[in-house]
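Below is one structure; the comments refer to it alone.
Residue numbers (this note's numbering): -12 to 163.
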């Protein structure tokens, strides 16, 4: 689907609730192809996490402050911030995590899974995206290859040799 500002294309990986639209989701995970430098869509009330998964990276300017983003180095920023990117060496593909402020919080970690060190997933909603390599889900015949995603449950064990993006989403605690 096209970006909100029409400047690129995004592929939805997961969204909650399942029937949500772009204006009423609690959280959303997507892959975005950035083929040219330019502005990001303004998303008021949304917290964003971004990690470059393919390509050399970009210089990301958020509210006037520029940070060089390299492959597999996550960054967070507010969706309403004035944000532009300057691609450093050609197109990129990015994994994006968006959460509605006040509804939930997300974390994003890039892990290198090795055969000797399985990963046991924690509580909350956990979405695993395979960036490279291959991993298996313990006690199943299901294997995951690059760009496959899994919405996992507590106690799921992954084995294999792969680089994974692990996104954990938790309800935001309410204050009284």
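Glycine included, every Cβ here is placed at the ideal spot set by N, Cα and C.
Only counting runs of 3 or more residues, tell me where the beta strand (DSSP E) segments fall wholly within the stretch 80 to 121, in order along the chain. Given a length threshold of 3 residues, each whole run of the beta strand (DSSP E) inside the stretch 80 to 121 is given here in chain order: 91 to 100.
Within a Cβ cutoff of 8 Å, which residues of the same chain sit near residue 9, ignoring the five residues on either side of it in sequence? -9 and 15.
DSSP three-state assignment for residue 163, whether helix, strand or coil: Residue confidence for residue 163 is low, a pLDDT of 42 falling below 50, so the modelled location carries little weight and cannot support an answer.
Beta-carbon separation of residue 79 and residue 46 under 8 Å? Cβ atoms of residue 79 and residue 46: not closer than 8 Å.
Does the stretch 85 to 93 touch the stretch 117 to 127, meaning 3 or more C-beta pairs lie closer than 8 Å? Result no; under three Cβ-Cβ pairs closer than 8 Å.
Please check the pair residue 63 and residue 34, which I expect to be a contact at CB under 8 Å, by giving their CB distance rounded to whole angstroms. Residue 63 to residue 34, Cβ: 7 Å. Contact.
Look at residue 100 and residue 149 and say whether their C-beta atoms are less than 8 Å apart. The answer is yes: Cβ separation under 8 Å.
Cutting at 8 Å between CB atoms, please list the residues of its own chain near residue 125, excluding the five before and the five after it. Its chain contains 105, 143, 144, 145 and 146 as the residues whose beta carbon lies nearer than 8 Å to that of residue 125, once the 5 sequence neighbours on both sides are disregarded; these appear in chain order.
Residue 64 lies in the beta strand (DSSP E); which residues open and close that run? Element bounds for residue 64: 62 to 65.
Where the beta strand (DSSP E) through residue 73 begins and ends: For residue 73, the enclosing beta strand (DSSP E) begins and ends at 70 to 74.
Output the distance between the C-alpha atoms of residue 39 and residue 114, rounded to the nearest integer angstrom. Spanning the alpha carbons of residue 39 and residue 114 requires a straight line of approximately 17 Å.
Per DSSP, which one or two residues make a beta bridge with residue 17? Answer is -1 and 83, bridged to residue 17.
If you compare alpha carbons, which of 92, 54, 140 and 6 is closest to residue 156? Checking every option, the nearest Cα to that of residue 156 belongs to 92.
If we call anything under 8 Å between Cβ atoms a contact, is residue 13 one with residue 3? A contact, by the Cβ cut-off of 8 Å.
Count the other CB atoms, across all protein chains shown, that sit within 10 Å of the CB of residue 137; report buried if there are 16 or more and exposed otherwise. A buried status is given to residue 137, since no fewer than 16 other beta-carbon atoms sit within 10 Å of its beta-carbon.
Can you tell me the Cβ-Cβ gap for residue 108 and residue 139, rounded? I've got them flagged as a contact below 8 Å. Contact between residue 108 and residue 139 is confirmed by a C-beta separation of about 5 Å, below the 8 Å threshold.
Tell me which same chain residues have a C-beta within less than 8 Å of the C-beta of residue 67, skipping the five on either side of it? Scanning its chain for C-beta atoms nearer than 8 Å, with the 5 sequence neighbours on each side dropped, one finds around residue 67 the residues 29, 30, 31, 32 and 33, in chain order.
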